[in-house]
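Okay, structure first, notes after.
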Amino acid sequence: MTDLDLTPLTDAGWTMADDGKSVEKTYKFGNFVEAFGFMTRAAIHAEKLNHHPEWFNVYNRVEVRLTTHDAGGLSLLDVKLGGIMDTLEK
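Each residue of the sequence shown is one higher than the one before, starting from 18 at the first, in my numbering.
Here's what the structure looks like:
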């Protein structure tokens, strides 16, 4: 990883994963439909960026991990997608 500025992500509650190559965040919603709606909206943006999150959903919770496998760690795509996802949670 280069001198990538992760401040926009860390300021929004993202944390560095134990592997040091990805960031993680858990989103919580009122119910399953809201969580699934968030995932659907995020999927559309991820497809446009051709950058897909690793995520896990149980009822009202969506756990997200972002990394760029091709880069062997974090890239600007992770910062972009994380920022987009943060705007979609509202």
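Where is the CB? At the ideal position from N, CA and C, for every residue including glycine. As the structure is a computational prediction, the values presented were derived from the model and not from experiment.
In this structure, does DSSP put residue i in helix, strand or coil?
i      : result
Phe14  : Missing from the structure shown is residue 14; the chain here goes from 18 to 107 and no further.
Lys38  : coil
Glu106 : coil
Met18  : Its pLDDT being 44, under 50, Met18 is placed unreliably by the model, and the measurement read from it follows with that caveat. Coil, per DSSP.
Gly90  : strand
Thr24  : helix
Nearest by alpha-carbon distance to residue i: which of the options is it?
i     : options                         : result
Asp20 : Ser39, Lys107, Glu106 and Ser92 : Ser92
Arg58 : Val40, Gly89 and Val79          : Val79
Lys38 : Ala63, Asp87 and Glu51          : Asp87
Measuring only the C-alpha atoms, how far is residue i from residue j?
i      : j     : result
Trp72  : Asp22 : 23 Å
Lys65  : Leu98 : 10 Å
Leu105 : Ala34 : 22 Å
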